[in-house]
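Here the structure is laid out as structure tokens; the discussion comes afterwards.
Residue numbers (the numbering used here): 310 to 757.
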């Protein structure tokens, strides 16, 4: 007879939400939402990050650098934070830095990816057009609220909205007049029913290339977005977000450690672009921007990373020589401690609780994948990876969901202790996991 688990189970979680989470874990990926349902070890950061979000809501800015080895949960942490940000009304964009698709030294490309992946609590990516439409609606409502313009006088209303637009974008127009010009052109295209022109100008505002020349000419803009104008466009986007009810933007630059593998000159330019962005944040140019980057310890400490640019290294310097238990959650760098067997077991029990919310036979799932078995599977998966629990969560959760919980829920007579033996194939592993598995040697994988 199994002992009742102290961990929350399915009834408090909707089946649809649970299914989305479980489907992602079954594929071995980090869910896009619902991460708070099975977050482990993040409570220590909650209060400090809530203060950061409050700062953003008041028109300030914030920055953190997440630090952790592969598998320590950096992407999980970033998406968990994104959920908190959306609850506070912020827009969110998660951008993966890569040498070929999104090189950090080309800020125009980073901005383009930002707008492509822009999302809010009510709009999926890309939310750029929805945000711009909401902004114009908010401007119209503000004009009408003054009582000085008749709602039926479309000409007077359009003129007053244009004046308010210019007022709101005064600061942006000083450095990037094309941004406000494109917004005016978009509004005019919508008003005249020019759907193609409106779509083209939204694309141009999002930094897209190959926009029809006729649409740009009609709006009085030219060329494509370049590196130097990208920061101005970001400033304009923040102003638009703020005026339509989103107090700020959480921008996550994931996998920044890829800079260590690019050519030396590209690395130098990329690190300098990051330094420039941090300088602009400190100078107050981006009210409402919460920037988060993720990287490995080697990126922050090695000579092929941050240490290559002294001003950037000084900005990110954080003392990690003390006991990790006493790491400040308000530091510039936030160290993710990674998983051990205890926290891995806790993670598995939380995921089992989420699984039960969408299971056809939740009681059977609880009974046959009891707490003791959850821990046994954690030890076996960790053993298959050379005892490195820190990189085990992805594989562990995939095995737990796809190989164990799914079978318990589907087959009446399936007992994981009798009918399941852990197997790990090289093809299902990431490069880091494959390297760890190769060092495992003759580790016993069979579950007790």
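We put the CB at the ideal spot given by N, CA and C, even for glycine.
These numbers come from a predicted model, not from an experiment.
In three-state DSSP terms, what is residue i?
| i | result |
| --- | --- |
| residue 668 | coil |
| residue 314 | Residue confidence is low: residue 314 scores 42 on pLDDT, short of 50, so the model does not pin down where it sits. No coordinate-derived value is stated. |
| residue 455 | coil |
| residue 424 | helix |
| residue 484 | helix |
| residue 338 | coil |
| residue 409 | coil |
| residue 460 | coil |
| residue 631 | coil |
| residue 555 | coil |
| residue 626 | coil |
| residue 731 | coil |
| residue 613 | coil |
| residue 752 | Its pLDDT being 43, under 50, residue 752 is placed unreliably by the model, and the measurement read from it follows with that caveat. Residue 752 falls in the coil class under three-state DSSP. |
| residue 652 | helix |
| residue 435 | coil |
| residue 659 | helix |
| residue 496 | helix |
| residue 326 | helix |
| residue 548 | helix |
| residue 380 | coil |
| residue 757 | Its pLDDT being 48, under 50, residue 757 is placed unreliably by the model, and the measurement read from it follows with that caveat. It is coil, neither helix nor strand. |
| residue 414 | coil |
| residue 699 | helix |
| residue 569 | helix |
| residue 618 | coil |
| residue 723 | coil |
| residue 491 | helix |
| residue 320 | Here the model assigns residue 320 a pLDDT of 46, short of 50, so the residue's position is not dependable and the matter cannot be decided. |
| residue 595 | coil |
| residue 519 | coil |
Just curious, the beta strand (DSSP E) that residue i is in, first and last residue?
| i | result |
| --- | --- |
| residue 402 | 400 to 405 |
| residue 376 | 371 to 376 |
Opposite residue i in the DSSP bridges: which residues?
| i | result |
| --- | --- |
| residue 601 | 373 and 561 |
Could you check where the alpha helix (DSSP H) with residue i kicks off and where it finishes?
| i | result |
| --- | --- |
| residue 643 | It is not in any alpha helix (DSSP H) - residue 643 instead sits in the beta strand (DSSP E) that spans 642 to 644. |
| residue 581 | 573 to 591 |
| residue 385 | 383 to 396 |
| residue 508 | 504 to 514 |
| residue 534 | Element bounds for residue 534: n/a, residue is neither H nor E. |
| residue 691 | 680 to 693 |
| residue 705 | 702 to 707 |
| residue 741 | 740 to 747 |
| residue 809 | Since the first and last residues shown for the chain are 310 and 757, residue 809 lies out of range. |
| residue 354 | 352 to 366 |
| residue 526 | 522 to 528 |
| residue 719 | 715 to 719 |
Pick from the options: whose alpha carbon is nearest that of residue i?
| i | options | result |
| --- | --- | --- |
| residue 540 | 520, 557, 512 and 485 | 485 |
| residue 636 | 336, 332 and 376 | 376 |
| residue 661 | 690, 698, 630 and 708 | 708 |
| residue 738 | 725, 690, 729 and 374 | 690 |
| residue 651 | 385, 688, 725 and 644 | 688 |
| residue 634 | 352, 745 and 442 | 352 |
| residue 536 | 480, 717, 414 and 593 | 414 |
| residue 525 | 545, 548, 498 and 568 | 498 |
| residue 445 | 472, 434, 357 and 425 | 472 |
| residue 409 | 679, 576 and 693 | 576 |
| residue 604 | 405, 481, 617 and 564 | 564 |
| residue 506 | 412, 514, 515 and 523 | 523 |
| residue 550 | 587, 676, 597 and 678 | 597 |
| residue 453 | 440, 441 and 467 | 467 |
| residue 699 | 727, 582, 553 and 745 | 745 |
| residue 730 | 712, 736 and 349 | 712 |
| residue 479 | 455, 548, 424 and 435 | 548 |
| residue 370 | 619, 560 and 426 | 560 |
| residue 601 | 404, 477 and 617 | 404 |
Is residue i close to the ligand GDP? I mean its beta-carbon at under 8 Å from any heavy atom of the ligand.
| i | result |
| --- | --- |
| residue 709 | No copy of the ligand GDP occurs in the structure displayed, which carries no ligand at all. |
Contact between the segment 525 to 532 and the segment 457 to 465 is defined here as three or more beta-carbon pairs at a separation below 8 Å; is this criterion met?
The segment 525 to 532, when compared against the segment 457 to 465, does not touch it at the 8 Å Cβ threshold.
- request: Kindly confirm or deny that the segment 389 to 401 and the segment 417 to 435 touch, where touching means at least three C-beta pairs closer than 8 Å.
  value: With a cut-off of 8 Å, the segment 417 to 435 and the segment 389 to 401 count as touching, because enough Cβ pairs lie within range.
- contact_flag[the segment 381 to 392, the segment 341 to 348] where n(CB pairs < 8 Å) is 3 or more: Flag = yes, the segment 381 to 392 and the segment 341 to 348 touch.
Q) Within the chosen definition, does the segment 500 to 515 reach the segment 557 to 574 through at least 3 CB pairs nearer than 8 Å? A) Proximity of the segment 500 to 515 to the segment 557 to 574 falls short of the contact definition, fewer than three beta-carbon pairs being nearer than 8 Å.
>> Contact between the segment 581 to 588 and the segment 326 to 337 is defined here as three or more beta-carbon pairs at a separation below 8 Å; is this criterion met?
In response: Under the Cβ criterion (8 Å, minimum of three pairs), the segment 581 to 588 does not count as touching the segment 326 to 337.
Whether or not the segment 354 to 373 and the segment 678 to 687 are in contact is what I'm after, with contact meaning three or more pairs of Cβ atoms, one per stretch, closer than 8 Å; do they touch? As far as the Cβ criterion goes, the segment 678 to 687 does not touch the segment 354 to 373, which means the pair count is below three.
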